[in-house]
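Since the structure comes first, as structure tokens, the remarks are kept for the end.
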Amino acid sequence: MHRARTVLSVIAPAGQQNFGSFLLRNQVSSKLNNELAAASSVKLYNSAAAEPFLNGSSSNYIDDMYNAWLRDPASVHASWDAYFRNNSYSAPPSLAPIPKHHVPASQYIGTSLPAIGGGAALAGGRIDDKLIDDHLAVQAIIRSYQSRGHLMADVDPLGILNAEVVRSPDQSNTLRANERVTRSYMNFEEQDMERTFKLPSTTFIGGKEKFLPLREILNRLENAYCNKIGVEFMFINSLEQCNWIREKFETPNVRNYSNDEKRLILARLTRATGFEAFLAKKFSSEKRFGLEGCEIMIPAMKEVIDVSTRLGVESIIMGMPHRGRLNVLANVCRKPLPQIFTQFAGLEAADDGSGDVKYHLGTYIERLNRVTNKNIRLAVVANPSHLEAVDPIVQGKTRAEQFYRGDGEGKKVMSILLHGDAAFCGQGVVFETMHLSDLPDYTTHGTIHIVVNNQIGFTTDPRHSRSSPYCTDVARVVNAPIFHVNSDDPESVMHVCRVAAEWRATFHKDVIIDIVSYRRNGHNEIDEPMFTQPLMYKKIRGTKPVIDIYANQLITEGVVTAEEVKSVKDKYEKICDEALEQSKVETHIKYKDWLDSPWSGFFEGKDPLRTPPTGVFEETLVHIGNRFSSPPPNAAEFVIHKGLMRVMAARKEMVDNRTVDWALAEAMAFGSLLKEGIHVRLSGQDVERGTFSHRHHVLHHQTVDKATYRPLSHLYPDQAPYTVCNSSLSEFGVLGFELGYSMTNPNALVLWEAQFGDFNNTAQCIIDQFVSSGQAKWVRQSGLVMLQPHGMEGMGPEHSSARLERFLQMSSDDPDYFPPESDEFAIRQLHDINWIVANCSTPANYFHILRRQIALPFRKPLIIMTPKSLLRHPECKSSFDEMLEQTEFQRIIPDASPASENPSGVKKLIFCTGRVYYDILKQRRERKLESDIAISRVEQISPFPYDLIKQECAKYPNAELVWAQEEAKNQGSWNYVSPRFDTCLNSSRDVSYVGRPCAASTATGSKAQHNKELNNLLNDAMAL
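No gaps in the numbering here: position 831 of the sequence shown is 831 in UniProt numbering, and each next residue is one more.
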């Protein structure tokens, strides 16, 4: 056998052939030697036939036998026939001169070389170059269809954009000739069409067949990749995943549907179409953003849900824009139709809040899936007109539900996101959300994205709305397969939906269904689309609705009769009529019926106007402090950075001295909540260490990669889980994610920290549309905490201000209304406002306000301006005494200097908030004005502490009243507090402003200018 290997390994010198041929010949020879060795061990050939070869008397023996088999498989022994037929042998190439049309073999190094029938052999038994070229060409053709077949797929029901993809330099939607996938590829002629080729392992078009004529190969490839479905997947870097997709689309007859399945598709399509028709007839002047032109979306979603439910999913959370939302609520979620029709009646709301338009509302439904006979929970998250803003919120809600269910692989809970084509490629939050898909602390283990591709955005066509070929190209960055499908072929749509659901269940990764459709009406039902798209809408006017196309198809196939089609339609219309009559008895809209995740039992049995103290026992503080300042139990093996050892020693010293700084107070707040069974999740850019290197909640082994220790996860054996996670460099997406997370379970403290306060600028959409107004629009409470590093410290405009004024401007309390004073004054204010805005100046108050978030009998978002320099300020510390039981959050911290002992002699009372207090305090001390000037800190700015402000002002009857702030006059708190001071004091005393003048920028970039402004501020504050 050794001699045989030696003979077969001999090749011509490299100078007698091109480099590609040399590599290919060498590869084939090496492969052949191994295969023959394996063949001899299993006796694939008979000894008589193999004897000349094994004895080395004929080095070309097996080549001759192979060529004979190519001409006539019956001419060789059955064992050799099986050997060749199983692709166990690859013939070496000829060393003859290469013809002009030859494809360099170097392009195909690493591919398998299956046998190709019908070729001619040269004298001496060598295969000619055309046979090798044809051999490689078939593989190239197969790969070409797999990678570029979608360019030729008939996915446009209007037939006007011709795959809308590869643009020529003049930007017309025409395919360049060299991008075509055609039968003439690689110079095959008509006479070659009947030649039989062995199929490689990279295709499944043969099913159980391993040999097919070229004509049949091309037919099957075109049916798989160039019909009504265009598949983009060859960019995926996993061979297993690519083969999985190939099998789902290439296997013959894979899309066959039974008559019962076809009737189900028709029934669902009838309901989707009938719902829009009913609304159009009954509410012709109302905006509803109907689904006409893409009614197939409803059966598509139901197919995804059916398959996912069959595969074990129990809860599905959905997000979508306004188009088709009412139809989804009615026919996917099965929300009672009377509740939907009530939204058209113009009734007043029965709940608190301003409400929202009907096509922005969400819902939550638990029902039986009749196809799988399993219970399913469906939620549609409320969303404003910011089309894709809901995406990260859905993901956060999904992740939270998976967490609380212990669904670590996403087998029970999943998300579905619906998109419009223009928004999917145009809005950056889509990328931000998709980029979270594989991050360990943010993944939802695969999302099914369904794009309703109307081929237009309001009035803008794709040529002017995107630079990418497809609207779905953003998904390629996360290796998500993309299935483009013609909306007028319902069975093809169902097939891609089935495959998408199975993909998600198999690989737990994102997948895109691009339903290429059209919008039969304008942007809304009153809009006139012919103004801007006359040719498109002329085509649309002549296009049959998909219900007619599919009904006629099934009638022709004998699956249904015309009478049955009409009966199903009439039955659904009757259901709608009856529901409309039922809706007329309602007198108010109940927005609580539209909650997307109700908190079962949370509000029951609680006094809505009572909050327990937020202090804790001293032994709890000591225990948490000691654990937080101690190395891991295996400290001898876990190498900690020397700088961190000093940090931990300083923490231990503070615990021994019964004091806390900002980081230690935060850890004690988190730890005490974890002890009480409250899950804590802290997320944001670099929050594990802290942007200012103060937190260090994750210790890293200095010599072992990925070895970490989280002290707060090891406080108590039965504590709740603690999640602290660095996020991607995203604000819009990650803040939305954490908001969604907070909406799932009220008994959790969910915090998002901006790296610098101004970073919330890029998350403003989430803040405006969901955080500040969510309860008013959708009766949707959230206890989300936003930590915003804030302070004018000479670090320039972008690292100074968290835009405190924006949060205050969006607070919903009335500046002219002084609430009735009572023992419940403070909590009633919290109950009635939309959110809480605070700027704490002590670690103890920070500790209490975090714990108060959970102690409240309701949930409100909390916006905290957090410090930077105060994290290590020697005076910014608190005693354990301020955190013990019976203590609580202080809305105002009154002056405790000598001035408070003789209030009538005080000449000036300065109100301020946050870190500027320490600058003013230092100046007062240096100028020895402790008896003349009192300083009161407003810790909770909104809702405004009218009662305490009134008391403070009354305490110092002869004092000049001043509001001092470090921000510019048109920024910060001044414009918020000024009218409220007037209301509080009934305009009996004036409150003057001390601070920086008005400015366009948040801060100066000049350190010298910053110091000059600060000195002016302090001089004005100290002036008597």
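Glycine residues also receive a C-beta, built at the ideal position from the N, C-alpha and C atoms.
Item	Value
Run of the alpha helix (DSSP H) containing Phe431, from where it starts to where it stops	Gly428 to Met434
Classification of Phe289 by the beta-carbon crowding that lies within 10 angstroms, buried from 16 upward	buried
Meets three-Cβ-pair contact criterion under 8 Å: the stretch 716–732 and the stretch 670–689	yes
Classification of Asp421 by the beta-carbon crowding that lies within 10 angstroms, buried from 16 upward	buried
At least 3 beta-carbon pairs within less than 8 Å: the stretch 199–214 vs the stretch 239–253	yes
Spatial distance of Glu653 from Asp919 (CA atoms)	27 Å
Length of the line joining the Cα atoms of Thr270 and Ile549	12 Å
Sequence-distant residues of its chain with Cβ nearer than 6 Å to Arg927 (five each side left out)	Met1022
Collapsed DSSP secondary structure at Val76 in the structure displayed	coil
Counterpart residues of Ile416 in DSSP-defined beta bridges	Met318 and Ile448
Where Met786 sits in the DSSP three-state scheme	strand
Asp129 to Trp69 span [Cα, whole Å]	18 Å
For Asp982 and Leu948, the rounded distance between their alpha carbons	14 Å
Short Cβ contact (8 Å threshold) for Thr691 with Val698	no
Span separating the alpha-carbon of Pro612 from that of Pro469	59 Å
Terminal residues of the alpha helix (DSSP H) in which residue 1054 lies	What is shown of the chain runs 1 to 1024, which leaves residue 1054 out entirely.
Continuous beta strand (DSSP E) assignments of at least 3 residues falling wholly in the stretch 793–859	836–838
Neighbourhood of Met301 by C-beta distance below 6 Å, restricted to the same chain and skipping five residues each side	Val332
Contact set for Ile515: own chain, Cβ-Cβ below 7 Å, skip 5 residues either direction	Cys294, Ile296, Met297, Ala300, Ile450, Val451, Val452, Asn453, Val485, Ser487 and Val493
DSSP state of Cys333 mapped onto helix, strand, coil	coil
Paired residues, beta bridge with Trp752 - DSSP	Ser683 and Met786
Spatial neighbours of Met318 in its chain, beta-carbon cut-off 6 Å, leaving aside the 5 residues before and after	Val380 and Ile416
Whole-angstrom C-beta distance between Gln427 and Leu387, which should lie under 8 Å	7 Å
Close-in-space but distant-in-sequence residues of the same chain around Ala115 (CB under 6 Å, 5 per side omitted)	Its pLDDT being 41, under 50, Ala115 is placed unreliably in this model, and the value from its coordinates should be taken loosely. Hits under 6 Å: Lys198.
Residues near Ala48 by beta carbon distance below 8 Å, same chain, minus five either side	With a pLDDT of 39 at Ala48, under the threshold of 50, the modelled position of that residue is not reliable, and the figure given next carries that caveat. Taken in chain order, the list of residues that qualify is empty.
Three-way DSSP call (helix, strand, coil) for Gln533 in this model	coil
Residues bridged to Ser992 [DSSP beta-bridge criterion]	Val962
C-beta contact flag for His150 and Val231 at 8 Å	yes
Three-state secondary structure assigned by DSSP to Ile393	helix
Residue span of the beta strand (DSSP E) that contains Val380, given as start and end	Lys374 to Val380
Beta-carbon contacts of Arg498 that lie in its chain and below 7 Å, excluding the five residues immediately before and after	Glu303 and Val307
Start-to-end residues for the alpha helix (DSSP H) that takes in Glu573	Ala562 to Ser583
Ile393 vs Gly783 beta-carbon contact at 8 Å	no
Residue of Ile526, Thr203 and Phe507 minimising C-alpha distance to Ser285	Ile526
Whether Lys868 touches Gly794 by CB criterion (8 Å)	no
Selected residue, minimal CA-CA separation from Val622, among Lys642, Val76 and Leu715	Leu715
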